[in-house]
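S.K.:
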Amino acid sequence: MDNLLAEILAVAKKITRSDMGNIQLVDRDGVLRITVHDGFADEFLAFFSEVKESEAACGTALKTRQTIVVEDVERSPLFVGTPALKIMLNAGARAVQSTPIFSRSGELIGIFSTHYRQPRQIDTHTVRLLGFLAAQAGRYIERLTVAS
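Residue numbers for the sequence shown, in the numbering used here: 524 to 671.
Written out as structure tokens, the structure is:
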């Protein structure tokens with residue numbers, strides 16, 4: 524499954540022209556765990572190895588079940604005053620978007636996030652493309668999970 528997830532992440536990075544990215548899958552306890560990543564050092568991976576609802580952009584996407592776009596982490600209430608801000612800045616990530624991945628039955632099964640070295644706005648067309656990619660990813664992940 525990691526190869527498929529790496530391909531999905533590569534497409535998400537291409538769509539968004541991002542510098543870094545990761546895919547987290549939801550475990551049985553409802554915790555996000557990084558499954559594949561590109562462009563991150565150990566500090567980032569250790570900090571975000573387990574994410575619960577409401578933590579950073581990915582945790583907020585987990586809680587709200589919606590795409591979360593943070594144009595500048597240094598100005599976002601999701602990051603200002605949190606340990607996640609330092610980790611993001613150390614990783615060179617100034618902006619992030621996190622898109623939920625759902626199964627066909629509507630269960631949230633993961634999140635993919637793309638990160639940017641500069642503050643960035645993400646237009647609605649790109650958000651729609653990411654939603655389409657997330658829907659396809661959900662189907663593939665669900666099929667692979669059932670098969671294994």
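We put the CB at the ideal spot given by N, CA and C, even for glycine.
Tell me M543's beta-bridge partners as DSSP assigns them.
M.R.: BP columns for M543 point to H638.
S.K.: Between the Cα of A657 and the Cα atoms of D646, S621, R540, which residue gives the shortest distance?
M.R.: When only C-alpha atoms are compared, the closest one is S621.
S.K.: Anyone know if the C-beta pair for Q547 and I531 falls short of 8 Å?
M.R.: Not in contact: Q547 and I531 (Cβ atoms no closer than 8 Å).
S.K.: DSSP has A618 in a bridge; who is on the other side?
M.R.: Answer is Y639.
S.K.: Please confirm whether R588 and L631 have their CB atoms less than 8 Å apart.
M.R.: Taking 8 Å as the Cβ cut-off, R588 and L631 qualify as a contacting pair.
S.K.: Expressed to the nearest angstrom, what Euclidean distance is found between the alpha-carbon atoms of A535 and A529?
M.R.: Spanning the two alpha carbons is a distance of roughly 10 Å.
S.K.: Based on the DSSP secondary-structure assignment, which residues constitute the bridge partners of V559?
M.R.: Per DSSP, I546.
S.K.: Opposite I591 in the DSSP bridges: which residues?
M.R.: BP columns for I591 point to S621.
S.K.: Note the first and the last residue of the continuous alpha helix (DSSP H) segment covering D503.
M.R.: The question about residue 503 has no answer here: the residues shown for the chain are numbered 524 through 671.
S.K.: Please classify I645: does DSSP put it in a helix, a strand, or coil?
M.R.: Three-state DSSP puts I645 in coil, outside helix and strand.
S.K.: Taking just the CA atoms, how far does T647 sit from D552?
M.R.: Distance between the alpha carbons of D552 and T647 is about 32 Å.
S.K.: Considering L601, what are the terminal residues of the alpha helix (DSSP H) in which it resides?
M.R.: That residue, L601, is in no alpha helix (DSSP H); it is neither H nor E in DSSP.
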